[in-house]
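> Residue numbers (the working numbering), protein chains in the order written: chain A, 351 to 440; chain B, 78 to 340. Ideal Cβ positions, reconstructed from N, Cα and C, are used throughout, including at glycine. Quick caveat: nothing in here was measured; it's all calculated off a predicted structure. Quick one: the structure is below, and I'll ask about it shortly.
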């Protein structure tokens, strides 16, 4: 069994930087939600990584160098940002 | 004076934002356990809360990844959605731990400007006494390999204890993290709760020192990379016998609240 949290390869840096900003940078997340393709192109991602990120395809993203935790929290923050009502349920 | 209260706490953000994915009663039981820690802290009247946490790639990104770091700014702030936090930092103690830590052979990183991670503010949201206490955020790298070894974390905890024992402040020492969970992994819905229970049994039996011999690989495979913050705390309390205030395994997270007696 391989490890769950592995060293992020240098080739994955632009992808991890996008995931980090989707997680922690409200302005970047809003821009992404308004125009995902252009935002990711501007951030230097190649078409393969853009497709994987737009689909939030975890296995593919990790294979392309993404850090597992960043995939998780970027996806959660996108879900929270697009929830139709407040996220709190109780 | 020295250490007046010791506890380890979880910080999963679902405890804060309470989405529909969570079991309401379980979350409220963890809140009750946090409440007990809040009462303990209020009764212990600490001058400062030293909180050992693992950054979730929030304050530190791949631009620089310190193994061990001390925050020495005047204040520190963090946010999660609509939740916003600012804490006063106990600068004299933070600086003393940094300077004496370096003198003691720990090549610490420091920062005066970091976005505070939820590993720090979620436990403080629930456990900070009503009369707010300044904090010292102590960082242990848990998510970005290579992380510090358990032996190194334990040694840093021992050094913290020696430094704190020589200080005039009343110090509460908290560790934030764990237990088993696998955020972002295909094992997210199947944490290793057997590992957690066996570990809690060891800690209750006063065998905390054994954690220094764990390996990074074992921690990763058990969903316990964050246990490094507990190991650091254990370096400070040694073989004191733990008391489990709660252990609440959810569908994705082993929520453990644990205290140790102050020796």
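Per DSSP, residue 250/B forms a beta bridge with which residues?
DSSP output for residue 250/B lists 83/B and 127/B as bridge partner(s).
> Note down the Cα distance separating residue 397/A from residue 369/A, rounded to an integer number of angstroms.
16 Å
> Give me the subset of the region 138 to 152 of chain B whose CB atoms are less than 8 Å from a CB atom of chain A, sorted by chain position.
138 and 139
> Return the bridge partner residues of residue 233/B from the DSSP annotation.
Answer is none; residue 233/B lacks a bridge partner.
> Using only the alpha-carbon positions, how far apart do residue 408/A and residue 367/A sit?
16 Å
> Can you pull the chain B residues whose beta carbon is under 7 Å from the beta carbon of residue 355/A, in chain order?
220, 222, 297 and 302
> Counting only C-beta atoms, is residue 325/B closer than 8 Å to chain A at any point?
Not one chain A Cβ lies under 8 Å of residue 325/B.
> Can you pull the chain B neighbours of residue 370/A, defined as C-beta to C-beta under 7 Å?
134 and 138
> Thinking C-alpha only, which one of 312/B, 130/B and 250/B is nearest residue 124/B?
250/B
> Listing by chain order, which chain B residues have their CB less than 7 Å from the CB of residue 418/A?
261 and 262
> Is it the case that the region 270 to 282 of chain B contacts the region 107 to 116 of chain B, given that we only count it when at least three CB pairs across the two stretches are under 8 Å?
no
> Could you name the residues of chain A that residue 192/B contacts, counting a contact when the two beta carbons are closer than 9 Å?
374
> Over what stretch of residues does the alpha helix (DSSP H) that includes residue 198/B continue unbroken?
195 to 204
> Only counting the same chain, and skipping five residues up and downstream in sequence, which positions put a Cβ closer than 8 Å to that of residue 213/B?
125, 126, 127, 128, 147, 148, 166, 167, 170, 171 and 174
> Please classify residue 157/B as buried or exposed, where buried requires at least 16 neighbouring CB atoms within 10 angstroms.
buried
> Measuring only between beta-carbons, confirm whether residue 184/B sits less than 8 Å from chain A.
With 8 Å as the cut-off, residue 184/B does not count as an interface residue toward chain A.
> What do you get for residue 420/A, buried or exposed, if any count of 16 or more other CB atoms within 10 angstroms of its CB means buried?
buried
> Looking only at DSSP bridge pairs, what is residue 337/B linked to?
83/B
> Within a Cβ cutoff of 7 Å, which residues of the same chain sit near residue 177/B, ignoring the five residues on either side of it in sequence?
240
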